[in-house]
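Okay, so here's the structure we're looking at.
Residue numbers (our numbering): 3 to 269.
So this is what it looks like as structure tokens:
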């Protein structure tokens, strides 16, 4: 376990993301929010131009590029030392983003949606996150079923890692994400957080994105914008169980929480 947990701030430049859809469509507002998250202690920002909320419909590659690239260019220009991740499942978008200075590709399909993705990431020597998901965002929450939840997640992530390695992606560049809320019920999400340490056998850094997710609302009765306390609780549990990277909306509060949690679990 490293000396501290890293924080990736969420920057959605979409009209329909579940929490902040429509807030950062303007390039200037998006760049200002990225700078604010950096000042609050984010190690990087994760910029997404296509919503992956449950039930979301796909947008065209042209529309994803139109939303994403101007913001990426400006964030890179104004924050030259900030690490930038791009949340996409398309090799074309990943290639454009890496050319514009992105450092990491966060692929919710674990390179399964586009067979060319690994061929883009490997020669760029970029970092990547391979996330576990069943189905696709449009259908993933329709009665998700598992016989052995953690066993199946582990097996499927291991296969994704091997595919990436076979395509030339460096092992040290790969992180994994169990995919909280992606083809999982509320009960599944809680079980993942409870048993996250079981993914340590894959020997890759673990990212967790539980921020403001619906299972927190189900437990607390809170609307999306009122889920800070639940998000912090879930994130603290994830770190205790082995997560080394958190993808979050509320950077400042998360960083302050981690000063305490890291002092306990990483001493």
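Positions of the beta carbon are idealized from the N, C-alpha and C atoms, including for glycine.
- Leaving aside the five residues that flank residue 127 on each side, the residues in its chain whose CB is nearer than 8 Å to its CB run, in chain order, 172 and 175.
- Secondary structure of residue 214 (DSSP, three-state): coil.
- In this structure, DSSP gives residue 46 an extended state, which the three-state scheme calls strand.
- Contact between the segment 81-98 and the segment 107-121 is present: 3 or more CB-CB pairs across the two stretches fall below 8 Å.
- According to the DSSP assignment, residue 85 belongs to no alpha helix (DSSP H) but to the beta strand (DSSP E) extending over 85-89.
- Per DSSP, the continuous beta strand (DSSP E) segment holding residue 13 begins and ends at 8-14.
- Counting along the chain, residue 95 sits inside the alpha helix (DSSP H) bounded by residues 93-101.
- Residue environment: residue 196 is assigned as exposed (fewer than 16 neighbouring CB atoms within 10 Å of its CB, all protein chains considered).
- Counted as a single uninterrupted DSSP element, the alpha helix (DSSP H) harbouring residue 126 occupies residues 119-126.
- Under the 10 Å beta carbon count, residue 68 is surrounded by fewer than 16 other beta carbons and is classified as exposed.
- For residue 160, the uninterrupted alpha helix (DSSP H) segment begins and ends at 151-168.
- Three or more pairs of CB atoms, one per stretch, sit closer than 8 Å, so the segment 121-140 contacts the segment 51-64.
- For residue 40, the enclosing alpha helix (DSSP H) starts and ends at 29-41.
- Contact between the segment 209-219 and the segment 157-169 is not established, with fewer than three Cβ pairs separated by less than 8 Å.
- Exposed is the label assigned to residue 150, since fewer than 16 other Cβ atoms lie within 10 Å of its Cβ.
- The distance from the Cβ of residue 179 to that of residue 211 is about 7 Å, consistent with a contact at the 8 Å cut-off.
- Counting C-beta pairs closer than 8 Å gives three or more between the segment 247-261 and the segment 36-47, which meets the contact rule.
- Taken atom to atom, the span from the alpha-carbon of residue 5 to that of residue 247 is near 12 Å.
- Secondary structure note for residue 108: its beta strand (DSSP E) is the uninterrupted segment 106-109.
- A straight line joining the alpha-carbon of residue 209 with that of residue 47 spans about 13 Å.
- In the structure shown, the three-state DSSP call for residue 249 is strand.
- Taking a 10 Å sphere around the C-beta of residue 186, we find 16 or more other C-beta atoms and assign the residue as buried.
- Membership of residue 204 in any alpha helix (DSSP H) is not indicated, and neither H nor E is assigned to it by DSSP.
- Taking 9 Å as the cut-off, the beta carbon of residue 177 is found closer than this to the beta carbon of residue 132.
- Per DSSP, reduced to three states, the secondary structure at residue 133 is strand.
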